[in-house]
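Let me begin by presenting the structure, written as structure tokens, before commenting on it.
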Amino acid sequence: MLEILEQQKKIDAEMVGRVKRFIQENVFTAANHNGVPPPEKKACKELSFGARAELPGVHPLASKLLTLMQKKETNLCLSADVSEARELLQLADALGPSICMLKTHVDILNDFTLDVMEELTTLAKRHEFLIFEDRKFADIGNTVKKQYESGIFKIASWADVVNAHVVPGSGVVKGLQEVGLPLHRACLLIAEMSSAGSLATGDYTKAAVGMAEEHCEFVIGFISGSRVSMKPEFLHLTPGVQLETGGDHLGQQYNSPQEVVGKRGSDVIIVGRGILAAANRLEAAEMYRKAAWEAYLSRLAVQ
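In structure tokens:
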């Protein structure tokens, strides 16, 4: 909780340290009552991805994702921000075994066709990963409904998951789910962003969580920098991840897999340039996969 408050700039690092020292210095043991020791309190157990997949309230697509993550031992999402369809398909085929999800931006493809997306869905089935179109819907319900199912992209016909801003209100989710529910699709809500100066903080983040809870039949989680909901049925995906922390000249801020998954409680890391800019993309993808998975295992070990 302290880390979350610090990350959202509600408190500073000095205050975090002071609170932690106070807690450490003021731990008291309850006295025995008539010689009987007090009942031992059980720590809140962190569920594995496999256990979360079997929860009765989990969305079927979230369950599918959690199951394949456990099976493949990967919580890596590749951000395949490339401009040529051939490169997109090559990435999907080569890195598919290392990822749980592939994130697309189809509106930057110079040669988009529905045939390309059909090939991508074939690769997704072969290598067992989901397709996530990073569309960031942000309009009234009637408009996003048309954007989702129609136009040249026909996103609902091939994307397992899409995302949306909560600025327009719940209408954006209602519009999307009218199209997506019959197709067994799902949505992520943008609760936080990794860019400097983002306004997606505080009450905005709380509103996103509330909206997700109201529409859990279609919303499976969040795009966020940290865990924003304690409900294990929801997934948290975090962009802006690199092995080395830092940023770029356009305001992107990077955190490590250990920071994002191990400390902040996110489930899936989204990596683009850290892999795409590498001389050996498969080797880089494996480095990120292992780092994120080890961070997840370290989180499970802290009970």
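Start counting the sequence shown at 202; every next residue gets the next number (this note's numbering). Heads up, the beta-carbon is just placed ideally off N, CA and C, and yes, glycines get one too.
Mapping DSSP to helix, strand and coil, what is D335? Of the three classes helix, strand and coil, the one that applies to D335 here is strand, per DSSP.
Quick check: does the Cβ of V462 come within less than 8 Å of any heavy atom belonging to the ligand COA? Among the ligands in the structure shown, none appear at all, so the ligand COA cannot be discussed.
Limits of the unbroken beta strand (DSSP E) element including F423: Under the DSSP assignment, F423 falls in the beta strand (DSSP E) whose first and last residues are 420-424.
Nearest candidate by alpha-carbon position, reference T305, set I356, I391, Y497: For the residues I356, I391, Y497, the minimum Cα distance to T305 belongs to I356.
Assuming Y455 and G466 are in contact, meaning their beta carbons sit under 8 Å apart, how far apart are those beta carbons, in whole angstroms? At roughly 18 Å, the Cβ-Cβ gap does not stay under 8 Å, so Y455 and G466 are not in contact.
What is the residue span of the alpha helix (DSSP H) that A286 lies within? A286: member of the alpha helix (DSSP H) spanning 286-296, first to last residue.
Buried or exposed: H385, going by 16 or more other Cβ atoms within 10 Å of its Cβ? Only exposed fits H385, as fewer than 16 other CB atoms lie within 10 angstroms of its CB.
Of all the options K432, L382, T439, which has the alpha carbon lying nearest to the alpha carbon of S425? It is T439.
Nearest neighbour of G352, chosen from D308, V472, E274, R490 [CA to CA]: Of the candidates D308, V472, E274, R490, D308 places its Cα closest to the Cα of G352.
Straight-line CA distance for S284 to N311? If you take the alpha carbons of S284 and N311, they lie about 6 Å apart.
As a quick exercise: from Q378, E460, F435, pick the residue whose alpha carbon is nearest that of W494. Of the candidates Q378, E460, F435, E460 places its Cα closest to the Cα of W494.
Neighbourhood of R490 by C-beta, 7 Å cutoff - its chain only, sequence neighbours within 5 removed: So the list reads T275, L277, S299, once near-sequence residues are dropped.
Distance, Cα to Cα, K243 vs G251? Here K243 scores only 45 on pLDDT, less than 50, and its place in the model should not be relied on; the value that follows carries that caveat. Taking the straight line from one Cα to the other gives about 21 Å.
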